[in-house]
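Report on the following structure.
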Amino acid sequence: EEPSLLKKLLLAPANS
Amino acid sequence: KITKEQQALMQVIVDAYNRHQIPQDMAKKLLQDQYSAEENFLLLTEMATNQVQVLVEFTKNIPGFLSLNHEDQIALLKGSAVEAMFLRSAQVFSRKRPSGHTDVLEERIRKSGISEEFMTPMFNFYKSIGELHMMQEEQALLTAITILTPDRPYVRDHQAVERLQEPMLDVLRKLCSLQHPHEPQYFARLLGRLTELRTLNHYHAEMLTSWRMNDHKFTPLLCEIWDVE
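This is how it looks when you write it as structure tokens:
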């Protein structure tokens, strides 16, 4: 399964 | 009267809305000289990808969003992305711009391979948002309300999303009656735009299909958020 880009963006610290 | 808590909630959302905008150099690119339809499409695709990143960063700042369960966060973003992006584009489009810029932008969109039958409802929506002359606070709250719509596909904990959306609807309603005392219908008109946005979802799906037919490629992030293989 392709790693979800959305998940990565969501998990990145806020205001990155 | 808007309570102190509501004022604080609104401030957090407006700050996040203002902090996360399309990078200036990206917006300027759109206004440069003419490109071919193919290059227009690539520019708009890059713009849309930027918009998704901006949308996610804005959403992460909505109080309570990150406390929702992970799957519902993804379901809300995927379910609201098209509407939130059209709402944001409409707000950018209707903002006062140096003369001539609006029609360059409109021209570029018209020459990017989007089918005519989709163009009309999209520009009608941009116009209907422009006519409201919304304040920043109203734009930010309406975008947050669009994202926190509980009845999106695959959302499981509807109540948890409603508990976040309700207070925003309440503060928006109060803000509208305070800012537009002579226009009691103003709040209803704002919510009416959310209904219009839903129809754009449908047109957008058609547009993706017509683009796919002409073998247009989207970026991986757009494929994921728009569920395009």
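First to last, the sequence lines map onto chains F and X. Residue numbering for the first sequence follows the numbering used here, starting at 1292 and increasing by one per position. Residue numbering for the second sequence follows the numbering used here, starting at 966 and increasing by one per position. Think of the CB as a built atom: it goes at the ideal place given N, C-alpha and C, for glycine as much as any other residue. Predicted model only: the values in this text are computed from it and were never measured.
Residue from the options with nearest C-alpha to residue i
| i | options | result |
| --- | --- | --- |
| X:Asn1034 | X:His1123, X:Phe1058 and X:His1098 | X:His1123 |
| X:Ala981 | X:Asn1026, X:Pro1185 and X:Val1069 | X:Asn1026 |
| F:Leu1302 | X:Arg1158, X:Glu1082, X:Gln1018 and X:Gly1157 | X:Gln1018 |
| X:Phe1090 | X:Asn1166, X:Met1133 and X:Ser1001 | X:Asn1166 |
| X:Arg984 | X:Pro1132, X:Leu1156, X:Arg1128 and X:Val1021 | X:Val1021 |
| X:Ser1059 | X:Met1087, X:Lys994 and X:Met991 | X:Met1087 |
| X:Thr1160 | X:Cys1188, X:Met991, X:Arg1128 and X:Ser1093 | X:Ser1093 |
| X:Phe1051 | X:Thr1174, X:His1169, X:Leu1186 and X:Asp1192 | X:His1169 |
| X:Lys993 | X:Gln1144, X:Glu1036 and X:Val1057 | X:Val1057 |
| X:Leu1097 | X:Phe1030, X:Lys969, X:Gln1038 and X:Glu1148 | X:Glu1148 |
| X:Ile1031 | X:Asn1005, X:Leu1129, X:Gly1157 and X:Leu1187 | First, the amino acid is wrong: residue 1031 of chain X is Leu here, not Ile. Checking every option, the nearest Cα to that of X:Leu1031 belongs to X:Leu1129. |
| X:Glu1081 | X:Asp1192, X:Cys1141, X:Glu1003 and X:Trp1176 | X:Trp1176 |
| X:Leu1107 | X:Thr1010, X:Pro1115, X:Leu1134 and X:Gln997 | X:Leu1134 |
| X:Gln976 | X:Ala1040, X:Pro1028, X:Leu996 and X:Pro1146 | X:Pro1028 |
| X:Arg1163 | X:Asp1116, X:Glu1194 and X:Gln1150 | X:Asp1116 |
| X:Gln1101 | X:Leu1137, X:Ile1039, X:Val1193 and X:Pro1185 | X:Leu1137 |
| X:Tyr1000 | X:Glu1103, X:Glu1194 and X:Val1069 | X:Val1069 |
| X:Gln1104 | X:Gln972, X:Ala973 and X:Ile978 | X:Ile978 |
| X:Asn1179 | X:Pro1132, X:Ile1039, X:Glu1003 and X:Ala973 | X:Glu1003 |
| X:Gln1016 | X:Trp1191, X:Leu996 and X:Arg1053 | X:Arg1053 |
Assigned secondary structure, residue i (DSSP; H/G/I helix, E/B strand, else coil)
| i | result |
| --- | --- |
| X:Asn1179 | coil |
| X:Asn1089 | helix |
| X:Tyr982 | helix |
| X:Asp1068 | helix |
| X:Pro1132 | helix |
| X:Ile1027 | coil |
| X:Ser1059 | helix |
| X:Ser1077 | coil |
| F:Ser1295 | coil |
| X:Ser1001 | coil |
| X:Tyr1119 | coil |
| X:Thr1160 | helix |
| X:Asn1034 | coil |
| F:Ala1305 | coil |
| X:Lys1139 | helix |
| X:Pro925 | Residue 925 of chain X is absent from the structure shown; chain X starts at 966 and stops at 1194. |
| X:Thr968 | coil |
| X:Pro1150 | Residue identity differs from the one stated: residue 1150 of chain X is Gln in this sequence, not Pro. Note: X:Gln1150 maps to coil in three-state DSSP. |
| X:Asp990 | helix |
| X:Val1193 | coil |
| X:Leu1041 | helix |
| X:His1145 | coil |
Integer-rounded CB distance, given that residue j should sit under 8 Å from residue i
| i | j | result |
| --- | --- | --- |
| X:Lys1139 | X:Ile967 | 5 Å |
| X:Leu1008 | X:Thr1024 | Not really, about 24 Å apart at Cβ, beyond 8 Å. |
| X:Ala1049 | X:Ile1110 | The pair is not a contact, with the Cβ atoms about 10 Å apart (cut-off 8 Å). |
| X:Thr1010 | X:Leu1186 | Incorrect: roughly 10 Å between the Cβ atoms, too far for contact. |
| X:Ser1077 | X:Phe1006 | 5 Å |
| X:Pro1132 | X:Ala1040 | 21 Å between Cβ atoms; not a contact. |
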